[in-house]
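Input: a single structure, listed below in structure tokens.
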Amino acid sequence: MPDPLTSDPATAQPAAPGAVPGLGAAPGADPGLAVFLGLDDDPAPVHAALRTVIDPELGINLVDLGLVYDVAVSDGIAYVTLTTTTPACPIGAFLEDQVRFAVLRLPGILGVEVEIVHEPRWSPALMSDNARRTLGWPG
């Protein structure tokens with residue numbers, strides 16, 4: 130009879146190191162807990178959700194403003210790296226909260242980590258043509 134503390138009762142096989150009994154593979158291993166829970170590491174839905182976050186001063190979404198530097202998803206956690214138009218921008222904390230609210234609405238997202246960076250510095254060259262047109266700047 131297999132040892133219940135060191136074997137997986139779902140398969141009656143020895144459990145992988147770090148495995149959760151009854152779930153099979155260890156979290157982070159392939160297939161992993163994320164697959165078991167049906168989580169997807171595709172950053173595209175997160176990126177799309179960020180288009181709903183509007184800069185309250187300019188009325189344009191963060192993606193078109195070029196404020197979003199990176200988006201990644203791993204095991205249900207979304208990682209968003211963004212910047213502000215200036216390091217002294219007073220709405221940084223507000224934008225962080227808005228990003229969290231928008232991304233946490235997505236199915237399969239269990240948490241959001243937002244990092245605001247100021248290197249590389251933001252410049253208008255990072256804006257989309259649509260954002261430039263909206264602001265009346267040459268595109």
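For what it's worth, the numbering used here labels the leading residue of the sequence shown as 130, then goes sequentially.
Using N, Cα and C, we set each Cβ at its ideal position, and we do this for glycine too.
- In this structure tryptophan 266 is not in contact with threonine 214, their Cβ atoms being roughly 14 Å apart against a cut-off of 8 Å.
- A direct Cα-to-Cα measurement between arginine 234 and valine 228 gives close to 10 Å.
- In chain order, Asn190, Val192 place their CB closer than 6 Å to the CB of arginine 180, counting only its own chain and leaving out the 5 sequence neighbours on each side.
- Put simply, the backbone Cα of methionine 256 is about 12 Å away from that of leucine 187.
- The C-alpha of proline 236 is placed about 26 Å away from the C-alpha of glycine 221.
- One alpha carbon belongs to isoleucine 238, the other to threonine 212, and they sit about 22 Å apart.
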